[in-house]
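Numbered as in the working numbering, the sequence shown ends at 451 without a single skipped number.
C-beta atoms are modelled at their ideal positions from N, C-alpha and C, and glycine is treated no differently.
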Amino acid sequence: MLFAAFTIGLANLLGFLEWRWLRTHDDAWKRLYFFWLRIFAVSFGMGVVSGIVMAFQFGANWPELSRIVGSVIGPLLSYEVLTAFFLEASFLGVMLFGWGRVSERLHFFATCMVAIGTLVSTFWILSSNSWLHTPRGYAMVNGIVQPVSWMQIIFNPSFPYRLVHMALGSFITTCFVVGGVGAYYVRKGLHVDAGARMLRLSVAFAAIVLPIQIVVGDQHGLNTLEHQPLKVAAMEAHWHSEGNGAGVPLVVFALPNAEAQRNDYQMAIPRLGSLILTHSADGDITPLTSVPRAQRPPMAPVFFAFRIMVGLGMAMLLLAWISAIAWWRGRLHATQLILVWNMMLPAGFIALVAGWFVTEIGRQPWVVYGLLRTADAVGPQSPMTVAVSLLVYVLGYAFVFGFGIFYLTKLVRAGPQASRDGPDVAGGEHTPARPLSAADTSLEQENTPWN
1 MLFAAFTIGL ANLLGFLEWR WLRTHDDAWK RLYFFWLRIF AVSFGMGVVS
51 GIVMAFQFGA NWPELSRIVG SVIGPLLSYE VLTAFFLEAS FLGVMLFGWG
101 RVSERLHFFA TCMVAIGTLV STFWILSSNS WLHTPRGYAM VNGIVQPVSW
151 MQIIFNPSFP YRLVHMALGS FITTCFVVGG VGAYYVRKGL HVDAGARMLR
201 LSVAFAAIVL PIQIVVGDQH GLNTLEHQPL KVAAMEAHWH SEGNGAGVPL
251 VVFALPNAEA QRNDYQMAIP RLGSLILTHS ADGDITPLTS VPRAQRPPMA
301 PVFFAFRIMV GLGMAMLLLA WISAIAWWRG RLHATQLILV WNMMLPAGFI
351 ALVAGWFVTE IGRQPWVVYG LLRTADAVGP QSPMTVAVSL LVYVLGYAFV
401 FGFGIFYLTK LVRAGPQASR DGPDVAGGEH TPARPLSAAD TSLEQENTPW
451 N
């Protein structure tokens, strides 16, 4: 999920960088393009690896889910392969290796197609996931879900909000990675011009898009309150309804006590929760105690993950606006501000994971909300079998992503360099672009025994 989200933002960033180079023919933009292209290539590969493993997990660990709702989930994921994957596969080679071999405009078109492909992939995956939360357009036939209306299935009630929220989250995550890397270069005095461009680009984007994300998140919350009220109750640690127009407080901090059905050490602001959640000062929401314990989502992870997500979102917005003001005053490169941007580099990833914790843990005990319980979706495997397979997955991920992150770090330390501005094709020479290589020189320049 992390690398998939990162590639969504990176692909669209690459489209912007190449567009800027086409408009200005400033080689600094071209250097940035090829710098981030190499990082995109590695991230894209790791994202594909993680996606392939998920397909095996569906069949191995969740056979009942596949059996009961496979007629809905299967086609949606197939559409993702037939549209997004084929689109990306068709143009990815041109994007990575076509510089100097196709026209500038055709290369830019290929970059845009890859960027669009990542968004199309997001469309189908989020449609599938959203249907699990708000299932529509189906009929139950002998205990098996049968599609009735594909329009209702694809455009289910929560899908538009999740799609926009996730797309913007991916852009913001990439924005803070780019800003953090740029701040690192400026602070270390390395590739200062490139670092300053990255930082300014990130500040401008974050200052504009983060307020939009907050508005989208608010609308997403209202939709969740309508269709999954217990998830919102867990997010707000709302155990009991006061009634009589008392409203719902905004719980800033608490230690939820599931046994006693109360919050310990609570710090709350009266009525503010109602104002945010219902846009009414005396509005009420469904309390957790309105259903038996077995039907409630786990309280603590949802409650704290939501506050991590919101807290980081507000911190990123504050940093973006302070940086925009500092930029206007000519003080963007102040040491303290640069250091904060450095520290906030992983903030988007953390907020993204926290948000998905809220989404997926908050729908429990359902895997298909109101239709199929998580406990009924698993297979007959023994706990030991599941533990061993999980260990193998974890070790495999650790190996692949460990090397991937090591290589990404190596690319970042090397920075944008003129020798990496694409292949040299002058005079008919065709040097491979080699986007996955960290070598500074072409193969022809190496002193090899066979020369």
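Quiz item: How is V148 classed by DSSP in three states: helix, strand or coil?
Solution: One-based indexing of the sequence shown puts residue 148 at position 148. Reduced to three states, the DSSP call for V148 is coil.
Practice problem: Could you check how far apart the C-beta atoms of M46 and F401 are, in whole angstroms? I think they sit under 8 Å. | Solution: Here residue 46 corresponds to residue number 46 of the sequence shown, with the count starting at 1. Here residue 401 corresponds to residue number 401 of the sequence shown, with the count starting at 1. Going by Cβ atoms, the distance from M46 to F401 rounds to 6 Å, so yes, they are a contact pair.
Practice problem: Look at the alpha carbon of G100 and the alpha carbon of L22, and state the distance between them as a whole number of angstroms. | Solution: Translated into the one-based positions of the sequence shown, residue 100 becomes position 100. Translated into the one-based positions of the sequence shown, residue 22 becomes position 22. In a straight line, the C-alpha of G100 is about 14 Å away from that of L22.
Self-check item: Candidates V394, R413, A414, R373, of which the one nearest W62 by Cα
Solution: Counting from 1 along the sequence shown, the entry for residue 62 is found at position 62. Measuring from the Cα of W62, the nearest candidate turns out to be R373.
Quiz item: Which stretch, first to last residue, makes up the alpha helix (DSSP H) that contains V164?
Solution: Residue 164 sits at position 164 when you count from the first residue of the sequence shown. Taken as a continuous stretch (DSSP letters only), the alpha helix (DSSP H) holding V164 covers 159-188.
Quiz item: Whole-angstrom Cβ separation of G348 and L277, contact assumed at under 8 Å?
Solution: Counting from 1 along the sequence shown, the entry for residue 348 is found at position 348. Counting from 1 along the sequence shown, the entry for residue 277 is found at position 277. Their Cβ separation, rounded to whole angstroms, is 25 Å, which puts G348 and L277 out of contact at 8 Å.
Exercise. Starting from A453, follow the alpha helix (DSSP H) in both directions and report where the run begins and ends.
Key: Residue 453 lies beyond the range of the chain shown here (1 to 451); nothing can be said about it.
Quiz item: Where do the N-terminal and C-terminal ends of the beta strand (DSSP E) with M267 fall, by residue?
Solution: In the sequence shown, counting from the first residue as 1, residue 267 sits at position 267. That run of the beta strand (DSSP E) goes 262-269.
Practice problem: Starting from the Cα of R363, find the closest Cα among L411, E88, F303 and give me that residue. | Solution: If you number the sequence shown from 1, residue 363 lands on position 363. Cα-wise, what sits closest to R363 is F303.
Practice problem: Starting from V368, trace the beta strand (DSSP E) both ways and give me its first and last residue. | Solution: Counting from 1 along the sequence shown, the entry for residue 368 is found at position 368. Counting along the chain, the beta strand (DSSP E) containing V368 begins and ends at 366-368.
Quiz prompt | Reduced DSSP category for V251 - H, G, I as helix; E, B as strand; rest coil | solution = The residue given as residue 251 occupies position 251 in the sequence shown. Residue state, collapsed to three classes: strand.
Quiz item: Mapping DSSP to helix, strand and coil, what is R363?
Solution: For this step, residue 363 is matched to residue 363 along the sequence shown. Note: R363 maps to coil in three-state DSSP.
Quiz item: Who are the Cβ neighbours of P256 in its own chain at under 7 Å, not counting the five residues just before and after it?
Solution: Within the sequence shown, numbered from 1, the residue matching residue 256 stands at position 256. Correct list, in chain order: A237, N263, M299, A300, F303.
Practice problem: Take every Cβ of the region 334-341, pair it with every Cβ of the region 352-361, and state whether three or more of those distances are shorter than 8 Å. | Solution: no
Exercise. Taking A55 as part of the alpha helix (DSSP H), name the residues at either end of that continuous run.
Key: In the sequence shown, residue 55 corresponds to position 55, counting from 1. Element bounds for A55: 27-61.
Quiz item: Along the chain, where does the beta strand (DSSP E) that runs through A139 open and close?
Solution: Taking the sequence shown and counting its residues from 1, one reaches residue 139 at position 139. Per DSSP, A139 belongs to the beta strand (DSSP E) from 138-141.
Quiz item: Comparing alpha-carbon positions, which option in P416, S241, V177 lies nearest A351?
Solution: Residue mapping note: residue 351 aligns to position 351 of the sequence shown, counting from 1. For A351, the nearest C-alpha among the options comes from V177.
Quiz item: Contact check, L317 vs P211 under 8 Å by CB: the rounded distance?
Solution: Walking along the sequence shown from the start, residue 317 turns up at place 317. Walking along the sequence shown from the start, residue 211 turns up at place 211. Going by Cβ atoms, the distance from L317 to P211 rounds to 7 Å, so yes, they are a contact pair.
Quiz prompt | V215 versus G15: straight-line alpha-carbon distance, rounded | solution = The sequence position of residue 215 within the sequence shown is 215, counting from 1. The sequence position of residue 15 within the sequence shown is 15, counting from 1. Computed Cα separation, rounded: 26 Å.
Exercise. Taking all protein chains shown into account, decide if P365 is buried (16 or more other Cβ within 10 angstroms of its Cβ) or exposed.
Key: The residue given as residue 365 occupies position 365 in the sequence shown. Flag for P365 reads exposed.
Practice problem: Let me know the secondary structure DSSP gives W239 once reduced to three states. | Solution: Here the question's residue 239 lines up with position 239 in the sequence shown. W239 falls in the coil class under three-state DSSP.
Quiz item: Would the region 184-202 and the region 315-335 be scored as touching if the rule is three or more Cβ pairs under 8 Å?
Solution: yes
Quiz item: Residues in its own chain within less than 8 Å of V49 by CB, not counting five upstream and five downstream?
Solution: Taking the sequence shown and counting its residues from 1, one reaches residue 49 at position 49. Result list for V49: V400, in chain order.
Exercise. For F205, I'd like the list of residues in its chain whose CB is within less than 7 Å of its CB, leaving aside the five on either flank, ordered along the chain.
Key: If you number the sequence shown from 1, residue 205 lands on position 205. If we look at F205 and ignore the five residues flanking it on each side, its Cβ neighbours are C175.
Practice problem: Consult DSSP for V203 and reduce its assignment to one of helix, strand or coil. | Solution: Taking the sequence shown and counting its residues from 1, the one referred to as residue 203 is at position 203. In the structure shown, V203 sits in a helix (DSSP, three-state: H, G or I).
Practice problem: Assuming H227 and T134 form a contact by the criterion Cβ under 8 Å, report the distance between their Cβ atoms to the nearest whole angstrom. | Solution: The sequence position of residue 227 within the sequence shown is 227, counting from 1. The sequence position of residue 134 within the sequence shown is 134, counting from 1. Their Cβ separation, rounded to whole angstroms, is 5 Å, which keeps H227 and T134 in contact under 8 Å.
Quiz item: Out of curiosity, what's the CA-to-CA distance linking L17 and T24?
Solution: Position 17 of the sequence shown, counted from the first residue, corresponds to residue 17. Position 24 of the sequence shown, counted from the first residue, corresponds to residue 24. Their Cα atoms are separated by approximately 11 Å.
Quiz item: If you run the structure through DSSP and keep just helix, strand and coil, what is L345?
Solution: Position 345 of the sequence shown, counting from 1, holds the residue named residue 345. Reduced to three states, the DSSP call for L345 is coil.
Exercise. Buried or exposed for E80, please, with buried defined as at least 16 other CB atoms from any protein chain shown within 10 angstroms of its CB.
Key: Within the sequence shown, the letter at position 80 stands for residue 80. By the neighbour-count rule (16 or more Cβ atoms within 10 Å), E80 is buried.
Quiz item: From what residue to what residue does the alpha helix (DSSP H) around W21 run?
Solution: For this step, residue 21 is matched to residue 21 along the sequence shown. Per DSSP, W21 belongs to the alpha helix (DSSP H) from 2-24.
Practice problem: Report, in whole angstroms, the separation of the C-beta atoms of V248 and I269, which I expect to be a contact under 8 Å. | Solution: Residue mapping note: residue 248 aligns to position 248 of the sequence shown, counting from 1. Residue mapping note: residue 269 aligns to position 269 of the sequence shown, counting from 1. The pair is not a contact, with the Cβ atoms about 10 Å apart (cut-off 8 Å).
Self-check item: Where P383 sits in the DSSP three-state scheme
Solution: Along the sequence shown, read from residue 1 onward, the residue named residue 383 stands at position 383. Here P383 sits in helix by DSSP.
Self-check item: Per-residue DSSP class, three states only, for R373
Solution: Along the sequence shown, read from residue 1 onward, the residue named residue 373 stands at position 373. Here R373 sits in strand by DSSP.
Quiz item: Where DSSP assigns a beta bridge to W99, which residues make up the other side?
Solution: On the sequence shown, position 99 is the one that residue 99 refers to. In the DSSP output, where bridge partners are listed per residue, W99 has V102.
Quiz item: Under the three-state reduction of DSSP, which class applies to P211: helix, strand or coil?
Solution: Residue mapping note: residue 211 aligns to position 211 of the sequence shown, counting from 1. P211 falls in the helix class under three-state DSSP.
Quiz item: Is the Cβ-Cβ distance between F487 and V209 less than 8 Å?
Solution: The requested residue 487 does not occur in the structure, where the chain is confined to residues 1 to 451.
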